[in-house]
Each structure stands twice: as C-alpha cells, then as structure tokens.
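Take a look at the structure set out below.
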C-alpha cells in the first residue's frame, strides 16, 4: 500500500458519492460486526500490569491505532526484529526466559510463517492454546477463510492468529499485455507459452522471476510438489522426483534459459534499474509476475523500486496447474500473532490479541491482506479505492485466499532459507531448476532428520 | 636473540668500507634512491589507504543522497545538503528519537566498562609481568583460555548468572562483564614485561618503596601508552559489543547502538522484505546515517587517544 | 626479548635479597591481580565451566537433585558425536580450514608489512595513516552490513572497476560459494588490520632509537633493519597476534553473519562452526549441542595457543 492512512482517507473523501456510500455501508457493517464481536469480550483488564507486546517496526502503527481505540487497556510496546529472515530472535529469547522462569512477553508478532511450528514444540513450548478455555469469542474462527489458519495449528491446537495472508496471485501489467496483444493466461502452460513468445519477440520483458528466496513457494507449491508435506506428525513426504515437481521445473527451465524469467531477486538493489520504469520502457519490463499478495505494497506500489506504474498493474487469480482438478497456489509468509502460555491473565491478553489480529482499526494498517475476512474486506476496499490498480484487487484476492495448497507444510525448518542457500547460488551460476530439485529434496531431508522427523518418499 | 644484532654487521667488508668512506660519501649517494624508495612507499601506503578508506567515504556520502540516488548515481557522488537534513530528520524522529536513546545507552555502558576494565587490566598486567607469585602462569593460561572460548557458548551461563545476581535487564549486566577484558590484560602484560627495565624497579625498591609505591611511582608514569591503548581497545570492544546487550536486555529502549542498528536493518525494506517500504521510514540513507552516529565516537576517541601513543617513551629511562 | 638485555640485569638470586622483600613482592602480586581475578572467575571461568558442563550433559531427560541444585543427566561424548554427525558440521569445518589458511597469511604478513612500513617510513605521517587504517575497525558487525551490501554489488559499488574486471555482474555472482573464504578474509582484514597495526606500531615504538641508530650505523638497509632487528624485538606481540588470529579465524562468526544479512540469506546461516553452534542454541534451543561445538573450537584454539606459547616462551619472565 503506497499511502499512509491519512492520505487514504483524503482519497476516499474525494470519490464520487455512490462509492463513498457503498464503502460507508460496508464500513458500518464491518464495524457493527466487530462491535458485536467486542461485546462478547469484556473490555476491562483484570490485572493492572501492562500487557507486554513485541512487534517489528512495520506493525507499530497497527498497535498504536488499536491502543488509541482502546485507551482503557495498558500496553507496553517493545520493538524487535520480528524474527526477520530467520534470525531466531524470538526462539533465543524464549529459550533464555524458559531457563530462568520469567521475562516472556505476553504477545509476540512474528514475520516468519513457520515460527509457531517451532515455538510450539519442545524446548520452547511457548504459545498459548487459543481454541480452548473460551479465550476466543464464539464464531471468531469462522471469520477466517478455510486453510488460512493452517500454520497456526499443531495437532488440533490453535496456537496463533494470522495477521495477514500471503497467497500468490498472478500480477499482470495490463497496459503491456494490451500493447503486445496477449490475453491473460489462466493456466501455467499458457503462461509459459507467452513467456517463450516474449523472449523471442519482445526481449527485455519478463514474465516472472527465478532469483528469489521464495520461488519454491511460488512455483513448486502451486504445482503441488510433495517435497515438504507433513503427512503424519513428525513424518515428511519428500519426493523431488514426483511428476508435479519435475513437471513444473521443466516448465520453468526454458523460460530461465531464454531470459523470460529474471535471474535477479526482486529486492536486489538494482532491480528497479533493470526492470523498472525507464525512458525506453515507460511501463517497466515486467509483463507478468506470479507472486505473493504483498507485492502490492512492496514491488508495485507507486513509490516502490519499479517506479510509477499507476493504472497499469492488476492482480489476476492464480494460474491453474493442468494435472490438478482445482487450482492451487503457493503462499509466501504472512505474519502471526502469538500469545504466551505464561501470561498471568490469559483472557485479558487474548482480548488484545484478537483486537490486534481482527479489528479493522488495526488491520486497516496491515502491510498485507488481512487473514480475518471482515477486516480483509475493509482493507481491500481501501486498496481499491486508491485508484492505483488497473482493476480492483478484490476478486483475485478473494479467490486466491482459499486456494493455498496445504501440502506445503510449515515446519520447524524454513524452506525459504533452504532454497536460498542450497539452490539459489546454483541457479545464479546457471544451473537449471530441474537439476536443483534433488538438491532441494536432499537439503530438506537433512534438516527434517536433524529436527527429529522421518522422511519418506512415498505416502 | 636481540643481542646478536650489533656484532655481525660491524665486521662486514662492505660496511667497513662504507664506514671508512665516511658519512659524507654515503649522503651523496642516497638522494635518488631515497626519492624512488619514498615514492614507492607513498604509493603502497596510499593504495592501502584507499582500500581501507573508500568504503568509509561511501558511508559518509550516503546520507546526502536519497535511496534512489544511492542506487542510480555514482557511488562516490556527493548528494545535497537538503537530502542530508531530510535523512537526519527521518532517523532522528524514528520511534521517538530511539537513535539518541541508543547512543546514550552505548555511552553509559562503554564508559562504565572502560573504567572497570582499566582498573583491572593495567594492574593485573603489571602484576603478571613484574611480580612473582604462585599461580602466575596458571592465571596467564586461564586468561588465554577464557579469551579463546567462543562467546556464543557463554551466552546462557552469563544470562543465568545475571539472573542469580538479580542484575538482568539492568546496565550492570553488561558493565560488569565489560570489566573483564583479558585482551587488555595480555596487552598490559606484554607491555610491562618488555619495556620496563628491571633495574628501574630494583632501584625504587632499594629506595624503600613498597610494591604499590613501585607501581604508582615508577611503572604507572611510564605506562601512559598502554593505558591509552588498553582504554581505547576496551572502549571499542564495549562500544561495538552486540551479543551481551542482545542477550541481557529485554526491551529496545535499553539497547546500545550495535543492537539498535541490527534492529534498524531489520526495519529496512532493502534488507527485510517483510518491513515494506511503505511502512518504515528507514531507507538506506537513514541506515547509513545511523551507522555514522554509531561509529563517530570511536573515531573521536581514537583521534584523542593517538596523542598518548607517542613514540620513544622509553627514551631516557634507561640512562643511568 | 627486549632491548634491556643489553644492560646488566640482576639475576633472580640477586633480586631475592632477603626473604622479607621477596615475600612482600609475592603477596603484592596477588593484590595487583585481585580485582581482575574476581571478574575473571565470575564472568570467565564460571561461564566457561558451565559451558563445558553443558557440553557433557543432556539437554532433556531426568535431572538429579542435590539439595537446591539440580544436575542434568550425564551425556558423555554423545553431544559431540551427534553434532559431529550433523550434516552441516563437516562442511562448516571445511570452510573454516580454507578460510584460516587465507586469513592467517593475509593478516600476519600484511599487518607486519604495514606496521614496519609505517614505522620505517616518514614518521610524521604515522598518526595520519594509522588513523585511516583504523577507520574500518569501528564498523564492527551490524554497522558494516549496509557497507558490504553495497561494496560487493558490482552495480552500485565504488569497487565496480575491480569487480567487473573479475566478470561479476551481480551480487549473487560476487558471493558465489567458492568465493566466500576470500571475501570473508577481505572483510575481516579490512575490519581488523587497523587495530593490529596500532598494536604493532606501539610495540615498534617501544624499541629505543639507539638500537635502530646503531644498526643503521652498522650499515643495515631497510629490509635488514625490519626483519633482523625490529621483528625479533616485537616477537611477543607477534605471537600474541598469531594466537588470537588463529582463534578468531577458527571462530569466524561476524563476517558470514553480516553477509547473510546483506544478501537476504544467500550465505548459509551455518557456514562456519561457530555459526552452527549459535544456530543450534538459538533456533533449536539446544544449548548443549552449541556447547559441544564450542568446546571443539576451544580445543582447536588451545592447541594452537599452547604450541605457540611454548615455542616462544611467552609466559616466561625475563
């Protein structure tokens, strides 16, 4: 999202009356639902100790907004790195606190989607179980789309609430597609065909990236490649030779070879220089890009590195993998709100947790598509009202949110980190994606076994 | 080994001939060779200076540019004063002036740590070098072992200890361990054992000084360079220490600059995609400015400490 | 060992004139090291002993209680075997071996060369160059992430001309796995050389001018002056530097960690053994495995230190 909340509100007020009324109505409905939900929770705190909340810098506005709307609750805000890039800061602090028996925060935000899978197991045993003891308001969990809370469950116990969901969609530069006369693809095969055509007839343009840390969760997960599938507790199905894996890899190989996929990672310092808007490429070089929903704020926003792309970029529903009856997509990250199992007043803390994770006042400032559907509706309305996107994001996002393939399980080890340091250097050196499947499979197998899991190649 | 220096060269035929020729002849032969050698010397020095200094120059220039200019312009281009001010405003305002809080914390912890380290290391080095007591070698060995022990293994035990002492999450939890500076003890030990002449101490003892008097009146005045050296290294070690404060402090407002910088990096979109550019005002120029704030005191202290690292402090002390 | 050997030194027998005096010096020795001893035990010996204890006990399992204290279950060498068989252990030590070979040579040779060049060159420029060489020393750890993210990226680096000469066109190419030992040695040298040059320069300054002048009068040229006269006189400092450089090399942590942050994870978080120990402690919460690897590194460092200390008689008094 390129605008901060005040400028968004200004943009809203300048819109035609009808749109404003619709939004106001939606807003009213949403806030009524939230108020309704809040009535179920007793807003007062039982104890007078402030609730210690750990967040990263990007979440500070959310907490501050919620604090303002709930002045009776005392919050002690501590900022930290959010576990960024697998730093393990939550784990290390929790280990130390476990040893001395005090010091845990009451609520922690983690930017790592697999943190709960780590923290919920020995020796950490940190998160509180949320779906028991009546901590959550009735019906709250129904407000989450199917599958969006999967990363929070450990054997039936819910141990976190999603802040935002990071499903992959197909980002498309509508202006460029029109310019070259392509139709937006609906299957991966069609996408590949366009890519080959682009490489031949429109060199310099790209249809995706193969240099990123999380490409396994964009391509392989969408193809339902069973390489990190926890089929039973503590058992991983890891079969890089599966047809889904090899099929997707061989689909990517020619695109990688002829340059239709950029070899750089989207956060490279010079990505903007190479693929952004320039005088000879007024709409940038990116024709299409399968990628997570949060590209809306990180890559394609007006002040982002790719330059001013207003009115040209839209999100389309995820591509369909031919071998499967329904469409699946990957997901890259998304933050989690975790409550400590050591709090003195679980109900009061749970109230704050629910507020931060599901209230519109907090989630409107979320950096990604909120996991809680009512909050998501409000968020996406603000996005689409900004007029930045060629077509509203809502339809594609609403479709994609329930299409995330659950067979790519979040586990105590980080598949993004594994792809980055085992596979990416080889891709950079010129190896094909197909050649790296066994490497990825072997690395995952090593990490899994060292964490005490059994690895099988057949279910 | 040192006393074999003078004799062998004295008897070389070449040197004898040149000695016979007299100094005048040698002086006339030197200039062209000297100029060439001097030039070569300067070139080598400047090349290494370039290697060490160019990245630092880049860092100084970075806050004068915008994030876009950092990437698109020549790396060593100078930006504008306007950008410099804007960068400062952003990083100064970040999370209620947290950068200054970190700066103040660093100052507190480091000053305390240096004073404690000096009070320990200088006398200890002297004692190890110039007094004889049982267990001297054992102490030296233990010091070495502690220096070589990987710090990451000491994280948990130090944390547990501080908890037992009820000092965790307080400034003492870092200042006290900062006082343990084995590297300083060794510097001090090597210094005292190689530069203070024994007869000077013996003379003082004969004059009736007790051991403390010997230390205070003889060794300490001569020890200005080592006090400056140990003090400076202790300061830098404390100022740049990351692990100890990271483990000991629970909240970001107690962090010193290294931990604060680490947090800033995780709040910079270029280094952490999760911290999207829209949410955090910390871009790379702001990070560069924070880095400059973090390293400037080291430069300032070094500049002043240099005065004490003078040449030839031993000159005159051995003349009897 | 020092220039004072030219002058008559009272022998140990001569010094011990009267037991009272010797006894007094004996007791006073303890007084000088007293405060240091307390801190050493509190923050050095006890934590190190605890870490060794962790290395030989199990992380989980039943605990044995003796009064108020509970002890973990004895593990013997099992922690060492488990970590030794970890798939990241051997690669980490292979990496370190290559790094160490490059690092030791680069550091010792270049530091001594620069220190000697400084000392033997234009004296008035010494503070100037010494300050400039030291500048990077302030950029330890997190402060240099930003700097190296730019220095190693050919598109935006001031070293563009050098990197493109090597045919690197992107940062991932510069930090390809095969290049890492060299890159880390360069970074470590850039950060650490200045400090050692300051130390060596200080050591060289302690050589009295008479020694140097008399050698020059004897006809020593610059090379002979440096190698035959100055180097032997700072032998203790060189040994000290070697010991610490070896330990620092085997315990490499900061450079791979900072390059991992600068490259968004393209350098493995367990590239070096010390990183693996840290990873096991923080990410897996297994302090015992971390302690086992740390003890491995300690042993390696101590072997080198012992060898050097004995060969150079570092602990002996004159």
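Protein chains in written order, with this note's numbering: chain A, 122 to 580; chain B, 10 to 329; chain C, -13 to 304. Built from N, CA and C at the ideal position, the CB exists for glycine as well.
- The C-alpha of residue 175 of chain A lies about 23 angstroms from the C-alpha of residue 538 of chain A.
- Of all residues in the region 221 to 240 of chain A, those with a C-beta nearer than 7 angstroms to a C-beta of chain B are 221, 224 and 232, reading in chain order.
- Remark: fewer than three beta-carbon pairs, one from each stretch, lie closer than 8 angstroms, so the region 512 to 520 of chain A and the region 538 to 554 of chain A are not flagged as touching.
- Contact between the region 431 to 450 of chain A and the region 458 to 465 of chain A is absent: fewer than 3 CB-CB pairs across the two stretches fall below 8 angstroms.
- Secondary structure of residue 228 of chain A (DSSP, three-state): strand.
- The bridge partners DSSP lists for residue 282 of chain A are A:458.
- For residue 351 of chain A, DSSP records a beta bridge to A:357.
- Taking 8 angstroms as the CB threshold, residue 178 of chain A lines the interface with chain B.
- Taken in chain order, the members of the region 125 to 143 of chain C whose beta-carbon sits within less than 7 angstroms of a beta-carbon on chain B are 125, 126, 127, 128, 129, 131, 132, 133, 136, 137, 142 and 143.
- Contact annotation, residue 163 of chain B with residue 33 of chain C: C-beta distance approximately 4 angstroms; criterion of less than 8 angstroms satisfied.
- Around the beta-carbon of residue 295 of chain B, 16 or more other beta-carbon atoms lie within 10 Å, marking it buried.
- Contact residues of the region 431 to 445 of chain A toward chain C are absent (C-beta to C-beta distance below 8 angstroms).
- Residue 186 of chain C is positioned such that its CB atom lies closer than 8 angstroms to that of residue 97 of chain C.
- Contact annotation: in the region 183 to 207 of chain B, residues whose CB is within less than 8 angstroms of a CB in chain C are 185, 186, 188, 189, 191, 192, 194, 195, 196, 199, 200, 202, 203, 204, 206 and 207.
- Where residue 312 of chain B is concerned, the enclosing alpha helix (DSSP H) starts and stops at 293 to 314.
- Separation of the CB atoms of residue 493 of chain A and residue 504 of chain A is rounded to 16 angstroms, and the pair is thereby denied contact status at 8 angstroms.
- Proximity of the region 207 to 218 of chain C to the region 135 to 145 of chain C falls short of the contact definition, fewer than three beta-carbon pairs being nearer than 8 angstroms.
- Counting only the Cα atoms, residue 173 of chain A lies some 19 angstroms from residue 283 of chain A.
- Residue 193 of chain C sits in coil when the DSSP states are folded into three classes, being neither helix nor strand.
- If you check the CB distance, residue 536 of chain A and residue 337 of chain A come in under 8 angstroms.
- Counting other Cβ atoms within 10 Å of its Cβ, residue 199 of chain C stays below 16 and is therefore classed as exposed.
- DSSP assignment within the region 60 to 143 of chain C yields the following whole alpha helix (DSSP H) runs of 4 residues or more, N-terminal first: 64 to 71, 75 to 106, 112 to 120 and 131 to 137.
- The beta carbon of residue 202 of chain A sits closer than 8 angstroms to some beta carbon of chain B.
- With a threshold of 16 other beta carbon atoms within 10 Å, residue 472 of chain A meets it and is buried.
- In this chain, the beta strand (DSSP E) harbouring residue 174 of chain A covers 172 to 176.
- Contact between the region 445 to 459 of chain A and the region 524 to 533 of chain A is present: three or more C-beta pairs spanning the two stretches fall below 8 angstroms.
- Within 9 angstroms of the CB of residue 561 of chain A, no CB atom of chain B is found; the nearest one sits about 21 angstroms away.
- In the DSSP assignment, residue 196 of chain A falls within the unbroken beta strand (DSSP E) covering 196 to 200.
- Counting along the chain, residue 171 of chain B sits inside the alpha helix (DSSP H) bounded by residues 164 to 173.
- With a threshold of 8 angstroms between beta carbons, residue 21 of chain C makes contact with chain B.
- Contact of residue 307 of chain B with chain A is not assigned, every C-beta pair being separated by 8 angstroms or more.
- DSSP lists no beta-bridge partner residue for residue 372 of chain A.
- When beta bridges are read from the DSSP output, residue 450 of chain A appears opposite A:525.
- When C-alpha distances from residue 64 of chain B are compared across C:274, C:105 and C:177, the shortest belongs to C:177.
- A residue is called buried once 16 or more other Cβ atoms fall within 10 Å of its Cβ, and residue 170 of chain B is buried on that count.
- Rounded to whole angstroms, the gap between the alpha carbons of residue 426 of chain A and residue 333 of chain A is 16 angstroms.
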